[in-house]
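Asker: In order, the protein sequence lines correspond to chains X, Z, C and E. Take the first sequence: its position 49, counting from 1, is numbered 49 in this note's numbering, and each next residue is one higher. Take the second sequence: its position 58, counting from 1, is numbered 199 in this note's numbering, and each next residue is one higher. Take the third sequence: its position 2, counting from 1, is numbered 284 in this note's numbering, and each next residue is one higher. Take the fourth sequence: its position 20, counting from 1, is numbered 443 in this note's numbering, and each next residue is one higher. No residue lacks a Cβ here, since even glycine has one placed at the ideal position from N, Cα and C. Have a look at this one.
There are 4 protein chains.
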Amino acid sequence: MTARVSIEEMNRIAREEVPLVGNMGIAFTTIEDGFAVARLPFRDDLLRPGGTITGPAMMGVADVVLYACVLSRIGIVKLAVTTSLNVNFLRRPQPGDLVAEGRLIKCGKRLAYGEVTLAAADALGDPVCHVTGTYSIPPDR
Amino acid sequence: MTARVSIEEMNRIAREEVPLVGNMGIAFTTIEDGFAVARLPFRDDLLRPGGTITGPAMMGVADVVLYACVLSRIGIVKLAVTTSLNVNFLRRPQPGDLVAEGRLIKCGKRLAYGEVTLAAADALGDPVCHVTGTYSIPPDR
Amino acid sequence: MTARVSIEEMNRIAREEVPLVGNMGIAFTTIEDGFAVARLPFRDDLLRPGGTITGPAMMGVADVVLYACVLSRIGIVKLAVTTSLNVNFLRRPQPGDLVAEGRLIKCGKRLAYGEVTLAAADALGDPVCHVTGTYSIPPDR
Amino acid sequence: MTARVSIEEMNRIAREEVPLVGNMGIAFTTIEDGFAVARLPFRDDLLRPGGTITGPAMMGVADVVLYACVLSRIGIVKLAVTTSLNVNFLRRPQPGDLVAEGRLIKCGKRLAYGEVTLAAADALGDPVCHVTGTYSIPPDR
Chain X
1 MTARVSIEEM NRIAREEVPL VGNMGIAFTT IEDGFAVARL PFRDDLLRPG
51 GTITGPAMMG VADVVLYACV LSRIGIVKLA VTTSLNVNFL RRPQPGDLVA
101 EGRLIKCGKR LAYGEVTLAA ADALGDPVCH VTGTYSIPPD R
Chain Z
142 MTARVSIEEM NRIAREEVPL VGNMGIAFTT IEDGFAVARL PFRDDLLRPG
192 GTITGPAMMG VADVVLYACV LSRIGIVKLA VTTSLNVNFL RRPQPGDLVA
242 EGRLIKCGKR LAYGEVTLAA ADALGDPVCH VTGTYSIPPD R
Chain C
283 MTARVSIEEM NRIAREEVPL VGNMGIAFTT IEDGFAVARL PFRDDLLRPG
333 GTITGPAMMG VADVVLYACV LSRIGIVKLA VTTSLNVNFL RRPQPGDLVA
383 EGRLIKCGKR LAYGEVTLAA ADALGDPVCH VTGTYSIPPD R
Chain E
424 MTARVSIEEM NRIAREEVPL VGNMGIAFTT IEDGFAVARL PFRDDLLRPG
474 GTITGPAMMG VADVVLYACV LSRIGIVKLA VTTSLNVNFL RRPQPGDLVA
524 EGRLIKCGKR LAYGEVTLAA ADALGDPVCH VTGTYSIPPD R
């Protein structure tokens, strides 16, 4: 199946409609049906004490990447909303770009569930953060 | 016991050292031993499609409020880091200030665990988001 | 409000309809609206390597206590089902009875969300396990 | 790398040392380094109201499969203990055997993190439950 949202549409949605995350500079690089990859370019204000990238930056990216996975399957249903996210921080990411790869594990009529793995752009095999989450799909889309 | 971090210190830490969240305007109003309350003033860029407050804003606030709970117990050990957060979104928060109240459930030598409840400032009895999380405490503090 | 399920009904439901947990010997001691307490009597087969009580015993009890909280609010709607549980093990429980106390944090039309805290019966102030979970409520109850 | 625990050893550990889950009849079928698969044969006492398999059965199996993944990497360190499990129930499993497949996502010195996917034995592509969890590894192993 083809993705029902394009990279261009998803970058615009992130930038214009989820500005808190869009303004961090997130850029999608791949969107397929139930699958999405985005890159978060490094910026100084993403750091936290200790000089590693702050958790909320990773959580924001993961949430929007999962949103892209959902929209890639059901089309641009903007009122799909997160109902839960479970976030596990596995390593402290050093300053540098991050890559987040998400995929749907299940997509029913009312709920979609998936996972997102984040890694440093130059060490994709060593995840720094793993997220699972559920989106609620509105009945009247 | 007295809190080992003050409101002033915690506001400064949020603003200067976790700028991604500090720049959202989070302001602590209460810090006691193992307990912290902060307010997130409403701003337009906190919205998401549908006109409600975006999840990443709430997650960022919850993470920093839990950080304050940990520092209130162990002192300013900045290298305490989140290892996991579980976030449940209970209602879509309408535009307006949010209040986040956190408390430690357990604080051991290596791990601290607590919960944060977020609600609209004018409807504190109806939580919009509930978060539990674990912080790892460095051994050599 | 009064609880819409009684201690006797809930003990019978656990024993006859969720035998995997009921057969562990769980016994409810308090049920109020949106609130339930149960005791798990110690038995040797609840142990795991190291001589502490096994996680799955605590998870099973937490799930049924949360079920009781939901039924106490909406009445005996047996098809209410768990959609997610987040379980945090805080201490290794020594051999002995456990007490699990649950409460609803939110109960909407479709979803209920609550938390359960487990502790040794002789050290209720030191939780050994903290659980949050979501139940889905069938639309046609 | 070779798995550091065998199928026979793991079946014995489940049966003798985690009897609550072992007695449900769990049987490992594959163990590789950081990877394990087990089958849970159907039994009537695994049902819950509505005639589907109860959540605690799936949580118990997931916990032991993740334990096997950890032991397959670090060897038989029985005091490795679960610190958190996040469980998402995706479909109501009809009566029948379940298969649980686990894999490590990260294994550090102190913490291991992985995921387990459960499905009906005759519909492996449609997961019924997805679990992520963290094990704590004792320092003095």
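#1: How is the alpha helix (DSSP H) around residue 207(Z) delimited, first residue to last?
#2: Pick helix, strand or coil for residue 296(C), following the three-state DSSP scheme.
#3: Please decide whether residue 335(C) counts as near chain Z, where near means a Cβ-Cβ distance under 8 angstroms.
#4: Please report how far the alpha carbon of residue 552(E) lies from the alpha carbon of residue 153(Z), in whole angstroms.
#5: Quick one: what's got a C-beta closer than 7 angstroms to residue 513(E)'s C-beta in the same chain, skipping five residues either side?
#6: Check the DSSP bridge columns for residue 284(C) and list the partner residues they point to.
#7: Please go through the same chain and pick out, in chain order, the residues whose beta-carbon is closer than 6 angstroms to the beta-carbon of residue 107(Z), but skip the five residues on each side of it.
#8: Within this structure, are the beta carbons of residue 27(X) and residue 38(X) separated by less than 8 angstroms?
#9: Can you pull the chain Z neighbours of residue 63(X), defined as C-beta to C-beta under 7 angstroms?
#10: When you check each C-beta in the segment 344–371 of chain C against every C-beta of chain X, which residues fall closer than 8 angstroms?
#11: Could you list the residues in the segment 527–538 of chain E with a C-beta less than 9 angstroms from some C-beta on chain X, going in chain order?
#12: When you compare each of 516(E), 466(E), 556(E) to residue 526(E) by their alpha carbons, which one comes out closest?
#13: So with CB distances below 8 angstroms, who are the chain Z contacts of residue 1(X)?
#14: Quick one: which chain C residues come within Cβ less than 9 angstroms of residue 275(Z)?
#15: Enumerate in chain order the residues of its own chain whose CB-to-CB distance from residue 60(X) is below 7 angstroms, with the five nearest sequence positions on each side excluded.
#16: Quick one: list the residues of chain C neighbouring residue 482(E), beta-carbon separation under 9 angstroms, in chain order.
#17: Taking the alpha-carbon positions, what's the residue 156(Z) to residue 149(Z) distance?
#18: According to the neighbour-count rule (16 or more other Cβ atoms, all chains shown, within 10 Å of its Cβ), is residue 353(C) buried or exposed?
#19: Take residue 196(Z) as the anchor and find which of 228(Z), 223(Z), 174(Z), 208(Z) has the nearest alpha-carbon.
#20: Considering Cα atoms alone, identify which of 171(Z), 187(Z), 183(Z), 175(Z) is closest to residue 17(X).
#21: Give me, in chain order, the residues of the same chain whose beta-carbon lies closer than 6 angstroms to that of residue 330(C); leave out the 5 immediate sequence neighbours on both sides.
#22: How many angstroms separate the CA atom of residue 214(Z) from the CA atom of residue 490(E)?
#23: For the segment 31–50 of chain X, which residues have a beta carbon sitting closer than 7 angstroms to at least one beta carbon of chain Z?
#24: Taking only three categories from DSSP, how would you classify residue 560(E)?
#25: Please classify residue 452(E) as buried or exposed, where buried requires at least 16 neighbouring CB atoms within 10 angstroms.
#26: Among the candidates 364(C), 339(C), 323(C), whose CA atom is the shortest distance from the CA of residue 417(C)?
#27: From the DSSP output, in three-state form, read off residue 463(E) for me.
#28: Can you check whether the C-beta of residue 268(Z) is within less than 8 angstroms of a C-beta belonging to chain C?
#29: Nearest chain X C-beta to residue 239(Z) closer than 8 angstroms, yes or no?
#30: Helix, strand or coil: how does DSSP classify residue 259(Z) here?
#31: Check residue 272(Z) in the structure and name its three-state DSSP category.
#32: Any chance you could list the beta strand (DSSP E) runs of at least 3 consecutive residues sitting entirely within the segment 362–392 of chain C, in chain order?
#33: Mind checking whether residue 97(X) and residue 123(X) have CB atoms under 8 angstroms apart?
#34: Taking residue 21(X) as the query, report the chain Z residues whose CB atoms sit under 8 angstroms from its CB, ordered along the chain.
#35: Distance check for residue 326(C) and residue 381(C), CA to CA, integer angstroms please.
#36: Hey, would you say residue 79(X) sits closer than 8 angstroms to residue 139(X), going by beta carbons?
Answerer: With the structure as the only source:
#1: 196–215
#2: helix
#3: no
#4: 43 angstroms
#5: 550, 551, 552, 553
#6: Paired residue(s): none; residue 284(C) is not in a bridge.
#7: Lying before the first or after the last residue shown, residue 107(Z) is absent from chain Z, which here runs from 142 to 282.
#8: yes
#9: 196, 197
#10: 365, 366, 368
#11: 528, 529, 531, 534, 536, 538
#12: 556(E)
#13: Those within 8 angstroms of residue 1(X) in chain Z number zero; the least Cβ separation is about 24 angstroms.
#14: 370
#15: 20, 21, 24
#16: 337, 338, 341, 342, 345, 367, 369
#17: 11 angstroms
#18: buried
#19: 228(Z)
#20: 187(Z)
#21: 336
#22: 33 angstroms
#23: 45, 46, 48, 49, 50
#24: coil
#25: exposed
#26: 364(C)
#27: strand
#28: yes
#29: no
#30: strand
#31: strand
#32: 363–371, 380–389
#33: no
#34: 195, 197
#35: 17 angstroms
#36: no
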